[in-house]
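Asks:
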Amino acid sequence: MTVRVRIAPSPTGSLHVGNARAGLFNWLFARHHGGTFILRIDDTDAERSDERHVAEIIDAYRWLGLDWDEGIEVGGPHGTYRQSDRLDRYAEVVDDLLARGLAYRDFRTPDELDELRRAAQAAGGPPRVSGGASGDPDADAARAAFGDPHTIRLAVPDRGEVVFEDVIRGTMRFDLANEDDFVLVRSSGLPTYHLASTVDDVDYAITHVVRGEDLLSSTPKHLLLTRAMGAAEPIYAHMPLLFGPDGKKLSKRHGDTSMAAFMDAGYLPEAVFNFMCLLGWSPGGDREVFTRDEAVAAFDLADVQRNAAVFDTTKLDWLNGEYIRALDADDFVARVRPLLGDLDPADEAAFVELAPLVQERTKKLPEATEQVAFLFTADDAIAFDEGSWQKQMTKDFTRPALEGGIAALEGVGEWTTEAIDAALRANLEAQGLNPRKGLQPLRVALTGSAVSPPLFESMAALGRESTLTRLRRALALLDD
RNA sequence: GGCCCCGUCGUCUAGUGGUCUAGGACGCCGGCCUCUCAAGCCGGUAACGCCGGUUCGAAUCCGGUCGGGGCUGCCA
15 MTVRVRIAPS PTGSLHVGNA RAGLFNWLFA RHHGGTFILR IDDTDAERSD ERHVAEIIDA
75 YRWLGLDWDE GIEVGGPHGT YRQSDRLDRY AEVVDDLLAR GLAYRDFRTP DELDELRRAA
135 QAAGGPPRVS GGASGDPDAD AARAAFGDPH TIRLAVPDRG EVVFEDVIRG TMRFDLANED
195 DFVLVRSSGL PTYHLASTVD DVDYAITHVV RGEDLLSSTP KHLLLTRAMG AAEPIYAHMP
255 LLFGPDGKKL SKRHGDTSMA AFMDAGYLPE AVFNFMCLLG WSPGGDREVF TRDEAVAAFD
315 LADVQRNAAV FDTTKLDWLN GEYIRALDAD DFVARVRPLL GDLDPADEAA FVELAPLVQE
375 RTKKLPEATE QVAFLFTADD AIAFDEGSWQ KQMTKDFTRP ALEGGIAALE GVGEWTTEAI
435 DAALRANLEA QGLNPRKGLQ PLRVALTGSA VSPPLFESMA ALGRESTLTR LRRALALLDD
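Count along the first sequence starting at 1, add 14, and that's the number in my numbering.
#1: Measure how close the beta-carbons of residue 111 and residue 242 come, nearest whole angstrom, since I'm counting them as under 8 angstroms.
#2: Roughly how many angstroms separate the alpha carbons of residue 192 and residue 140, rounded to a whole number?
#3: Note the first and the last residue of the continuous alpha helix (DSSP H) segment covering residue 526.
#4: As a quick exercise: from 377, 324 and 299, pick the residue whose alpha carbon is nearest that of residue 332.
#5: Can the beta-carbon of residue 117 be found closer than 8 angstroms to that of residue 169?
#6: Can you tell me which residues form a DSSP beta bridge with residue 263?
#7: Tell me which same chain residues have a C-beta within less than 6 angstroms of the C-beta of residue 218, skipping the five on either side of it?
#8: What does the alpha-carbon distance come out to for the pair residue 90 and residue 399?
#9: Checking 8 angstroms against the spacing of the C-beta atoms, do residue 154 and residue 119 come in under that value?
#10: Under 8 angstroms, do residue 28 and residue 273 count as touching if we go by C-beta distance?
#11: What span of residues does the alpha helix (DSSP H) with residue 407 cover, start to end?
#12: Any idea what DSSP makes of residue 169, helix, strand or coil?
#13: Considering just the uninterrupted stretch of the beta strand (DSSP E) at residue 198, what are its terminal residues?
#14: Which term fits residue 106, buried or exposed, when burial requires 16 or more other beta carbons within 10 angstroms of its beta carbon?
#15: Using CA coordinates, which residue listed in 46, 18 and 397 is at the minimum distance from residue 307?
#16: Taking only three categories from DSSP, how would you classify residue 164?
#17: Hey, how far is the Cα of residue 474 from the Cα of residue 304?
#18: Output yes or no for whether 8 angstroms exceeds the beta carbon distance between residue 318 and residue 253.
#19: Quick check on residue 250: does DSSP put it in helix, strand or coil?
#20: Pull up the distance between the alpha-carbon of residue 428 and that of residue 383, whole angstroms please.
#21: Mark residue 19 as exposed unless 16 or more other C-beta atoms lie within 10 angstroms of its C-beta, in which case mark it buried.
#22: Roughly how many angstroms separate the alpha carbons of residue 95 and residue 85, rounded to a whole number?
#23: Please go through the same chain and pick out, in chain order, the residues whose beta-carbon is closer than 8 angstroms to the beta-carbon of residue 49, but skip the five residues on each side of it.
#24: Could you pull the start and end residues of the alpha helix (DSSP H) that residue 372 belongs to?
#25: Where residue 163 and residue 69 are concerned, what is the direct C-alpha to C-alpha distance, given to the nearest angstrom?
#26: In the DSSP output, which residue or residues are listed as bridge partners for residue 225?
#27: In angstroms, rounded to a whole number, what distance separates the CA positions of residue 237 and residue 214?
#28: Using the C-alpha atoms, what's the distance from residue 263 back to residue 323?
#29: Quick one: what's got a C-beta closer than 6 angstroms to residue 441's C-beta in the same chain, skipping five residues either side?
#30: Check whether the segment 187-203 touches the segment 143-160, counting contact only when three or more Cβ pairs, one atom from each stretch, lie closer than 8 angstroms.
#31: So, residue 485 versus residue 438, is the Cβ gap smaller than 8 angstroms?
#32: Could you check which residue in 351, 316, 133 and 487 has the C-alpha nearest to that of residue 184?
#33: For residue 462, does the count of other Cβ atoms within 10 angstroms reach 16, so buried, or fall short, so exposed?
#34: Within the continuous beta strand (DSSP E) that includes residue 333, where are the two ends?
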């Protein structure tokens with residue numbers, strides 16, 4: 015049997031990390047088994063769906079490195095892979111169910127149903143909605159034709175149970191006495207999620223439904239519907255949910271949890287991929303950092319964790335730093351360059367020269383731009399960090415360090431890191447200043463901050479003229 | 001309230017009856033290195049929710065309990 019799995023995001027917002035991870039696990043499973051991964055768009059909620067979000071979702075999955083074999087944009091044997099284009103098909107399934115007496119029209123109003131649930135609950139039972147069939151389908155059809163508002167529900171037996179094997183959770187049993195005659199078609203005529211999703215899974219011959227645990231209790235509905243359609247049942251696997259720091263299901267109120275936010279924050283897709291794999295799954299043993307191929311090779315649904323994972327990006331920050339450091343030097347330059355905007359050739363060269371040193375010090379891409387910003391600032395526009403100034407520029411060693419440094423650098427022949435290094439160290443020796451006191455004032459003078467890329471290399475990249483200008487300027491500022 | 005799921009360091013996890021005085025990673029703390037900051041290296045902190053049972057032996061199996069979560073909609 016060829017594995018066929020899918021992910022079905024709703025374009026009601028940009029892709030959420032929960033859906034990204036669900037897609038990732040489905041993709042890993044498909045690739046591990048040489049199966050088919052499908053991306054379909056669940057846009058039955060016409061009100062909230064937006065074409066702009068469809069594009070965002072596609073971008074986010076592609077960015078993560080997931081590719082799909084059938085689905086939106088790439089096509090396949092099942093049409094457009096958009097539920098909004100399949101309304102006729104859903105209607106056809108419902109008509110058939112109606113004709114066979116497996117579904118019925120329900121003319122009860124929302125208020126009546128509320129009352130029903132309240133009463134059932136007051137009686138100590140489940141707030142179950144059932145038995146709404148009038149027993150006269152023809153009369154119902156006539157009322158419907160007349161325009162009477164109604165929903166269409168699946169007729170669920172009062173007794174019995176639904177049992178299935180969940181790959182991740184084991185044997186699941188649900189007593190039908192607790193199951194609603196759930197709604198298939200809303201009074202607006204549009205299909206519900208349960209209908210559209212189940213029909214699609216059947217039509218697209220999905221073999222494994224891998225989704226979040228929040229859908230676990232809806233599974234009996236989907237199974238019942240699948241059986242009513244006379245179709246083969248897929249295998250289910252319910253993944254653990256992602257929690258926010260407060261232990262609740264991750265959602266917008268935990269801040270921006272869209273994939274777009276991660277793309278913008280300067281995370282590398284391979285780092286995010288690796289990080290997300292680790293949320294609810296592990297290749298076993300001590301493996302923490304691995305490639306896509308390694309993940310695909312090791313992935314198994316049965317190894318997926320059962321308990322929810324807190325989505326904490328602290329570890330992602332570290333992992334991202336690992337991936338950034340592992341980049342080829344020119345690759346790093348290429349990824350940071352777009353963040354720098356327009357640069358004249360000299361600044362560009364200075365950036366490229368200093369980049370390898372910045373690379374080691376970067377956890378998220380935008381940090382790199384901060385570290386090299388001093389290269390692109392006019393000599394007389396260097397803004398001094400208040401704390402750094404207090405700590406390094408108001409001490410008794412400040413003036414001699416600056417004066418000695420300037421004198422030493424004025425004597426440097428070829429302006430190279432080695433020459434700068436030698437000259438400054440010789441000066442330290444001559445002045446009897448330790449490196450900390452002798453060099454920090456120079457760093458502040460050069461960059462405005464006590465924290466920067468290595469000093470000698472920074473000077474080399476900046477150039478002789480700017481370096482000396484900045485040191486002299488700082489010296490002059492000492493008197494103010 | 002009802003139905004269902006889950007419970008190993010702060011976080012992500014390894015662990016499928018003995019090799020667990022519970023391993024790794026992130027974080028945090030300390031040290032080394034060092035021109036700052038990182039990186040790197042070394043060391044430290046910290047967990048099997050609780051109670052019963054099964055067993056020669058339980059983090060691993062069973063029951064209960066407590067705790068957390070999900071669903072309970074004409075959202076998905």
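All C-beta atoms in this analysis are idealised placements derived from N, C-alpha and C, irrespective of residue type, glycine included. Remember, it's a predicted structure, so these values are computed and weren't measured experimentally.
Replies: According to the structure shown:
#1: One-based indexing of the first sequence puts residue 111 at position 97. One-based indexing of the first sequence puts residue 242 at position 228. Rounded, the Cβ-Cβ distance is 6 angstroms, consistent with contact.
#2: Position 178 of the first sequence holds residue 192. Position 126 of the first sequence holds residue 140. Distance between the alpha carbons of residue 192 and residue 140 is about 6 angstroms.
#3: Here the chain has residues from 15 to 494 only, and residue 526 is not among them.
#4: Sequence index remark: in the first sequence, residue 332 carries index 318 (1-based). Of the candidates 377, 324 and 299, the one whose C-alpha sits nearest the C-alpha of residue 332 is 377.
#5: Taking the first residue of the first sequence as 1, we reach residue 117 at position 103. Taking the first residue of the first sequence as 1, we reach residue 169 at position 155. Taking 8 angstroms as the Cβ cut-off, residue 117 and residue 169 qualify as a contacting pair.
#6: In the first sequence, counting from the first residue as 1, residue 263 sits at position 249. For residue 263, which the question treats as bridged, DSSP gives the partners 257.
#7: Along the first sequence, one-based indexing puts residue 218 at 204. Contacts found: 92.
#8: Working through the first sequence from its first residue, we reach residue 90 at position 76. Working through the first sequence from its first residue, we reach residue 399 at position 385. Distance between the alpha carbons of residue 90 and residue 399 is about 58 angstroms.
#9: For the purposes of this step, residue 154 is taken as the residue at position 140 of the first sequence. For the purposes of this step, residue 119 is taken as the residue at position 105 of the first sequence. Yes, Cβ-Cβ distance for residue 154 and residue 119 is below 8 angstroms.
#10: Along the first sequence, one-based indexing puts residue 28 at 14. Along the first sequence, one-based indexing puts residue 273 at 259. Yes; because the gap between Cβ atoms is below 8 angstroms, this pair is in contact.
#11: Within the first sequence, the letter at position 393 stands for residue 407. Per DSSP, residue 407 belongs to no alpha helix (DSSP H) and is neither H nor E.
#12: Your numbering for residue 169 matches position 155 in the first sequence. Residue state, collapsed to three classes: coil.
#13: Taking the first residue of the first sequence as position 1, residue 198 is located at position 184. Looking at the DSSP string, the run of the beta strand (DSSP E) that includes residue 198 is 197-199.
#14: Within the first sequence, numbered from 1, the residue matching residue 106 stands at position 92. That one is exposed.
#15: Translated into the one-based positions of the first sequence, residue 307 becomes position 293. Checking every option, the nearest Cα to that of residue 307 belongs to 46.
#16: Here residue 164 refers to the residue found at position 150 when the first sequence is read from its first residue. Residue 164: coil per DSSP, three-state reduction.
#17: Within the first sequence, residue 474 is the residue found at index 460, counting from 1. Within the first sequence, residue 304 is the residue found at index 290, counting from 1. One C-alpha to the other measures close to 37 angstroms.
#18: Here residue 318 refers to the residue found at position 304 of the first sequence. Here residue 253 refers to the residue found at position 239 of the first sequence. In contact: residue 318 and residue 253 (Cβ atoms closer than 8 angstroms).
#19: As a first step, residue 250 is located in the first sequence; it is residue number 236 there, counting from the start. DSSP places residue 250 in strand when its eight states are reduced to three.
#20: On the first sequence, position 414 is the one that residue 428 refers to. On the first sequence, position 369 is the one that residue 383 refers to. Near 28 angstroms, if we compare the C-alpha coordinates of residue 383 and residue 428.
#21: Numbered from its first residue, the first sequence carries residue 19 at position 5. Result: buried.
#22: Mapped onto the first sequence, residue 95 falls at position 81. Mapped onto the first sequence, residue 85 falls at position 71. Their backbone Cα atoms lie some 5 angstroms apart in a straight line.
#23: Indexing the first sequence from 1 puts residue 49 at position 35. Here the set comprises 16, 17, 18, 19, 43 and 221.
#24: Indexing the first sequence from 1 puts residue 372 at position 358. First-last of the alpha helix (DSSP H) with residue 372: 359-373.
#25: In the first sequence, counting from the first residue as 1, residue 163 sits at position 149. In the first sequence, counting from the first residue as 1, residue 69 sits at position 55. Distance between the alpha carbons of residue 163 and residue 69 is about 35 angstroms.
#26: Stepping through the first sequence from its first residue, residue 225 is reached at position 211. For residue 225, which the question treats as bridged, DSSP gives the partners 252.
#27: The sequence position of residue 237 within the first sequence is 223, counting from 1. The sequence position of residue 214 within the first sequence is 200, counting from 1. Answer to the nearest angstrom: the Cα atoms are 13 angstroms apart.
#28: Against the first sequence, residue 323 aligns to sequence position 309. Against the first sequence, residue 263 aligns to sequence position 249. Approximately 10 angstroms between the Cα atoms of the pair.
#29: If you number the first sequence from 1, residue 441 lands on position 427. Closer than 6 angstroms at Cβ, skipping near neighbours: 418 and 422.
#30: yes
#31: Numbered from 1 along the first sequence, position 471 holds the residue referred to as residue 485. Numbered from 1 along the first sequence, position 424 holds the residue referred to as residue 438. Against a cut-off of 8 angstroms, the Cβ pair of residue 438 and residue 485 comes out as no contact.
#32: As a first step, residue 184 must be located in the first sequence, where it is residue number 170. When each option's Cα is compared against that of residue 184, the closest is 316.
#33: As a position in the first sequence, residue 462 is number 448, starting the count at 1. So residue 462 ends up on the buried side.
#34: Here residue 333 refers to the residue found at position 319 when the first sequence is read from its first residue. Unbroken run through residue 333 is the alpha helix (DSSP H), 328-340; no beta strand (DSSP E).
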